[in-house]
Amino acid sequence: MRLLDVKAVLDRETHVQQADPKLEILKELDDKGTRYAILSHRWGDEVSYEEMTGLMKMEEWERDAVRQCNGYQKIIKGCEQASKDGYELLWIDTCCIDKRSSSELSEAINSMYRWYQNAQVCYAYLHDVDESVFPTKQDRDKFSESDGWPEWFMRGWTLQELIAPKQVEFFNKDWAPIGNKRHLASTLEWVTGIPWEVLKDGLGAKRLSVAQIMSWAANRKTTRVEDRAYSLMGLFRVNMPMLYGEGKKAFQRLQLEIIRVSSDHSIFAWNPSEPRTGSVLAEDPSDFRNCHFTKIVKPDEFIDNLMALIEWNALGAPWPPQHKSRKISPNPIHWCRIAWLRRRARAISHQLRTISVTSSGIQVCLPVIPFRDSPSHFTAILPCGFFTIDLVSSGSSFERTSVTARPLAPLTTYPEFKTLYLTYHQDANETHREFALDDKYASYHGFTRCGTYPREFTGDTVTLSSLTDDLIVIVYANDDVRSRFAVGLGYYLGQGWVHVVYDGCSPAQTDWTPWSNFAFGAYRRMWGARAEHARSMPKLEHNYERCRNDHFIKHAHLPRSIWAARVVWGRWEMDNFRIMVDVEQCPGCCNGPHGWATSFNEHCGLDTPGFMDTNYYPYELRLNGWRAQFAKCSGPRITLGDYGDNSGGNFRCTGNIFEDMRTLGNIDPTSVYRPVVRRVSGSEWLIRRVEDRTELAVAYHTTTEGKHLALRQPKGLGLPTNEHFELLLKDLAIRLAGKHLVTSVIQCSGFYEVDDGGEARDSGDGEFSATCVPCSPFDIIRLDT
Numbered sequence: 001m002r003l004l005d006v007k008a009v010l011d012r013e014t015h016v017q018q019a020d021p022k023l024e025i026l027k028e029l030d031d032k033g034t035r036y037a038i039l040s041h042r043w044g045d046e047v048s049y050e051e052m053t054g055l056m057k058m059e060e061w062e063r064d065a066v067r068q069c070n071g072y073q074k075i076i077k078g079c080e081q082a083s084k085d086g087y088e089l090l091w092i093d094t095c096c097i098d099k100r101s102s103s104e105l106s107e108a109i110n111s112m113y114r115w116y117q118n119a120q121v122c123y124a125y126l127h128d129v130d131e132s133v134f135p136t137k138q139d140r141d142k143f144s145e146s147d148g149w150p151e152w153f154m155r156g157w158t159l160q161e162l163i164a165p166k167q168v169e170f171f172n173k174d175w176a177p178i179g180n181k182r183h184l185a186s187t188l189e190w191v192t193g194i195p196w197e198v199l200k201d202g203l204g205a206k207r208l209s210v211a212q213i214m215s216w217a218a219n220r221k222t223t224r225v226e227d228r229a230y231s232l233m234g235l236f237r238v239n240m241p242m243l244y245g246e247g248k249k250a251f252q253r254l255q256l257e258i259i260r261v262s263s264d265h266s267i268f269a270w271n272p273s274e275p276r277t278g279s280v281l282a283e284d285p286s287d288f289r290n291c292h293f294t295k296i297v298k299p300d301e302f303i304d305n306l307m308a309l310i311e312w313n314a315l316g317a318p319w320p321p322q323h324k325s326r327k328i329s330p331n332p333i334h335w336c337r338i339a340w341l342r343r344r345a346r347a348i349s350h351q352l353r354t355i356s357v358t359s360s361g362i363q364v365c366l367p368v369i370p371f372r373d374s375p376s377h378f379t380a381i382l383p384c385g386f387f388t389i390d391l392v393s394s395g396s397s398f399e400r401t402s403v404t405a406r407p408l409a410p411l412t413t414y415p416e417f418k419t420l421y422l423t424y425h426q427d428a429n430e431t432h433r434e435f436a437l438d439d440k441y442a443s444y445h446g447f448t449r450c451g452t453y454p455r456e457f458t459g460d461t462v463t464l465s466s467l468t469d470d471l472i473v474i475v476y477a478n479d480d481v482r483s484r485f486a487v488g489l490g491y492y493l494g495q496g497w498v499h500v501v502y503d504g505c506s507p508a509q510t511d512w513t514p515w516s517n518f519a520f521g522a523y524r525r526m527w528g529a530r531a532e533h534a535r536s537m538p539k540l541e542h543n544y545e546r547c548r549n550d551h552f553i554k555h556a557h558l559p560r561s562i563w564a565a566r567v568v569w570g571r572w573e574m575d576n577f578r579i580m581v582d583v584e585q586c587p588g589c590c591n592g593p594h595g596w597a598t599s600f601n602e603h604c605g606l607d608t609p610g611f612m613d614t615n616y617y618p619y620e621l622r623l624n625g626w627r628a629q630f631a632k633c634s635g636p637r638i639t640l641g642d643y644g645d646n647s648g649g650n651f652r653c654t655g656n657i658f659e660d661m662r663t664l665g666n667i668d669p670t671s672v673y674r675p676v677v678r679r680v681s682g683s684e685w686l687i688r689r690v691e692d693r694t695e696l697a698v699a700y701h702t703t704t705e706g707k708h709l710a711l712r713q714p715k716g717l718g719l720p721t722n723e724h725f726e727l728l729l730k731d732l733a734i735r736l737a738g739k740h741l742v743t744s745v746i747q748c749s750g751f752y753e754v755d756d757g758g759e760a761r762d763s764g765d766g767e768f769s770a771t772c773v774p775c776s777p778f779d780i781i782r783l784d785t
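Note that UniProt numbering gives residue 256 to position 256 of the sequence shown, counting from 1, and the numbers run on in steps of one.
Next comes the structure, spelled out in structure tokens:
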């Protein structure tokens with residue numbers, strides 16, 4: 001290691017104008033057997049190795065600029081303190097490592113814990129402490145960015161710099177001593193969470209779990225994300241190469257290295273701040289935030305405690321009598337099972353001591369309890385204070401579900417010892433399902449999407465893990481009237497599910513909580529009932545004969561309001577779903593949320609605005625390549641946008657949406673509302689049999705042979721399907737209720753009947769139309785069809 005020659009540095013500073021440019025201020029020495037002091041500090045405006053060694057070769061103005069920076073003054077003050085304490089050598093990370101060399105940097109980082117451990121004294125410089133005494137109370141006003149304590153205690157690298165040295169002396173910003181580690185141990189335990197025994201006597205002072213040590217770093221920060229892992233290597237006695245740029249993979253590598261040298265199962269006992277699925281390895285030290293008291297349990301002790309717990313629960317027995325505060329099971333089968341489990345556990349106790357990293361996953365042996373409703377899901381009991389994690393089978397390996405690690409609940413099933421291969425790749429074997437979200441109409445009554453919990457998503461596609469439990473909650477609110485609701489999109493045991501809940505707070509309440517609080521509460525409610533929500537989902541069935549796609553609607557009245565939230569759910573691709581959210585007026589006489597109601601829409605037909613239950617007519621054509629069915633128009637002329645009654649094949653018009661639009665007067669009849677012209681084509685096998693095919697399309701009669709129609713110069717007109725037009729239909733929803741709507745019309749200069757051989761029969765002229773039962777977007781209106 002390179003060490004500053006304290007005397008050379010101070011002499012050069014004292015005689016800076018006459019100092020020899022060739023003066024050596026650094027010495028190469030072995031840390032073992034060398035007396036030196038070491039500095040621990042919060043980086044700021046620092047002086048590099050290159051600047052420190054080349055100071056006397058600089059121009060005077062450049063040299064003065066370096067000497068005036070805080071980092072240089074820190075070096076000088078550190079050397080003065082070392083000299084005062086009788087040390088000739090001082091190590092400072094900023095100027096004793098040539099960071100231009102990646103190999104030197106990697107070697108230094110891997111050796112740093114040892115260097116701090118072998119130092120005779122460590123000077124901890126607290127640059128933001130003004131007082132002459134160590135701060136013993138949190139001051140969030142003064143230390144607002146570091147949880148009320150000096151910033152030094154919130155940095156990642158200073159954790160090992162506090163633990164490793166035998167002696168740590170603290171200094172304030174003026175380099176006045178304000179205490180040492182041993183005398184301040186109880187205060188430092190409160191600040192850092194590190195037990196006072198460890199602060200006084202090091203990591204060997206007590207038996208520590210991996211999770212405990214990780215918890216000390218949970219709230220600390222580093223400039224580079226990789227340093228979250230690299231700064232912990234020394235605490236776990238592991239080494240690994242530095243790969244800056246690998247991001248969070250560094251922490252994954254660290255955990256794998258720890259597993260290779262340790263049999264501590266507490267490394268799996270982490271709890272993320274947000275639900276996460278897949279890898280059994282944590283993503284960040286912050287996942288261990290609540291593991292301060294997670295302890296190591298020896299395998300034999302773990303087996304004895306587990307057997308005692310099973311006996312106490314008296315599985316398989318009715319309420320047993322009490323004997324000396326211990327349950328006694330009268331069931332002989334129970335005691336046979338206990339004896340068998342004990343023998344099995346003793347036989348494999350050596351496996352409980354072993355965790356190994358293999359190409360198939362992390363191999364462990366653990367007691368597991370299968371889920372009652374899913375044989376592929378298990379609760380695994382960790383030998384570290386009876387914490388449990390939930391796992392799901394993925395082929396030959398197991399992945400962690402998003403359920404947090406938690407204390408073992410009362411047993412209702414006998415555990416089974418199994419050898420498991422746990423997935424540790426973050427993206428291994430994970431498949432995803434997409435929920436396409438369409439919520440633009442929620443804003444119609446002033447409701448906007450506030451945000452999502454527990455994670456954000458961009459655009460209108462929500463991606464969930466289909467392999468493990470997953471849930472995301474979307475909150476919609478109208479702050480003017482203090483009304484809001486949440487839509488949950490989830491996956492449970494391979495089943496996608498959707499649910500809607502409302503905020504029960506009264507609009508008159510003055511404490512209108514932030515939407516995030518409501519989102520958290522809605523998430524917990526839906527997460528706890530996810531199995532029930534998944535079971536309540538209707539089954540999607542594809543009818544190949546009619547080529548229909550089922551959609552399902554759930555209605556939830558918003559209390560003390562005139563609105564209801566409605567959610568439409570339907571599969572639009574294999575294993576992917578389309579979710580639509582709307583708000584509509586509601587009289588308030590309902591109780592919600594209701595169960596799922598079924599609707600239909602063309603899956604392979606022409607797009608229509610909103611959901612419309614398509615009527616099926618005998619003549620089949622294609623509009624822009626999409627199949628559509630039409631009726632031959634007779635009687636009064638029918639035009640596009642007509643609505644009315646349809647009985648026995650006879651349509652009686654009672655209005656037209658385009659005329660209504662003009663009557664309303666508040667909608668500008670611009671091009672977005674004009675009919676769309678569509679290309680018309682017909683039966684290909686019939687058109688080949690017709691002699692004159694010029695500008696001709698043949699409408700195939702689907703129910704009667706020989707009744708096909710040949711159309712001359714056909715022109716298709718259809719309703720627009722843009723957002724503006726859908727809003728128009730929403731305005732007209734009440735007026736259109738109970739009516740049929742003409743969505744497409746084909747005009748032609750003439751037509752004649754042809755038989756299956758293409759021979760002409762009767763001729764005439766006229767129009768064809770298709771009628772559909774309308775509904776406001778995402779809201780099925782029950783109509784007579």
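All residues carry an ideal CB built from backbone N, CA and C; glycine is no exception.
Nothing here was measured: the structure is a model prediction, and the numbers come from that model.
How many angstroms separate the CA atom of residue i from the CA atom of residue j?
| i | j | result |
| --- | --- | --- |
| Y36 | E88 | 7 Å |
| V297 | S273 | 26 Å |
| G193 | M240 | 27 Å |
| F170 | Q17 | 33 Å |
| F153 | S144 | 13 Å |
| M1 | C384 | 39 Å |
| L309 | G361 | 30 Å |
| E13 | K137 | 38 Å |
| I109 | P135 | 30 Å |
| residue 787 | D139 | Since the displayed the chain opens at 1 and closes at 785, residue 787 lies outside it and no answer follows. |
| H557 | R525 | 18 Å |
| residue 859 | R622 | Given a span of 1 to 785 for the chain in the structure shown, any question on residue 859 remains unanswerable. |
| I562 | E584 | 8 Å |
| N290 | Q495 | 32 Å |
Quick one: using the 10 Å Cβ neighbour count with 16 as the cut-off for buried, is residue i buried or exposed?
| i | result |
| --- | --- |
| H701 | buried |
| P367 | buried |
| W319 | Confidence in W319 is poor, its pLDDT being 43 and thus under 50, which makes the residue's placement unreliable; the coordinate value appears in the next sentence. Burial call: exposed. |
| T743 | buried |
| E545 | Since pLDDT at E545 reaches only 42, below the 50 mark, its modelled position is unreliable, and no value is offered. |
| P636 | exposed |
| S683 | buried |
| S103 | exposed |
Is residue j closer than 8 Å to residue i when the C-beta atoms are compared?
| i | j | result |
| --- | --- | --- |
| T423 | V280 | yes |
| R679 | G718 | no |
| Y421 | S443 | no |
| V475 | G459 | no |
Let me make sure I understand the geometry here. Which of the options has the alpha-carbon closest to that of residue i?
| i | options | result |
| --- | --- | --- |
| W515 | W497, R482 and R622 | R482 |
| R400 | D20, R228, E28 and F378 | F378 |
| L437 | A519, M580 and P675 | M580 |
| Y523 | E759, C291 and I472 | I472 |
| G33 | L10, W115 and N624 | W115 |
| I348 | V238, P299 and N650 | P299 |
| P618 | Y752, P415, L709 and G655 | L709 |
| G446 | A205, F485 and M52 | F485 |
| P375 | L493, Y453 and H292 | L493 |
| V487 | D479, R530, S465 and T513 | R530 |
| V690 | L729, E759 and V676 | E759 |
| P720 | R674, I163 and L736 | R674 |
| A565 | F435, K7 and Y441 | Y441 |
Using a Cβ-Cβ distance cut-off of 8 Å, determine whether residue i contacts chain B.
| i | result |
| --- | --- |
| G202 | Of the protein chains in this structure there is only one, and it is not chain B. |
Handout entry: Stretch pair the stretch 38-46 + the stretch 156-173: three plus CB contacts closer than 8 Å
Key = Yes: at least three Cβ pairs fall under 8 Å.
Practice task
Report yes or no: do three or more beta-carbon pairs, one from the stretch 121-135 and one from the stretch 163-178, lie closer than 8 Å?
Solution key: yes
Practice task
Would you check if there are 3 or more beta carbon pairs closer than 8 Å linking the stretch 285-293 to the stretch 210-218?
Solution key: yes
Practice task
Report yes or no: do three or more beta-carbon pairs, one from the stretch 65-72 and one from the stretch 198-206, lie closer than 8 Å?
Solution key: no
Problem - Meets three-Cβ-pair contact criterion under 8 Å: the stretch 350-359 and the stretch 249-267 - result: Contact check between the stretch 350-359 and the stretch 249-267: three or more CB pairs, one atom from each, fall below 8 Å, which counts as touching.
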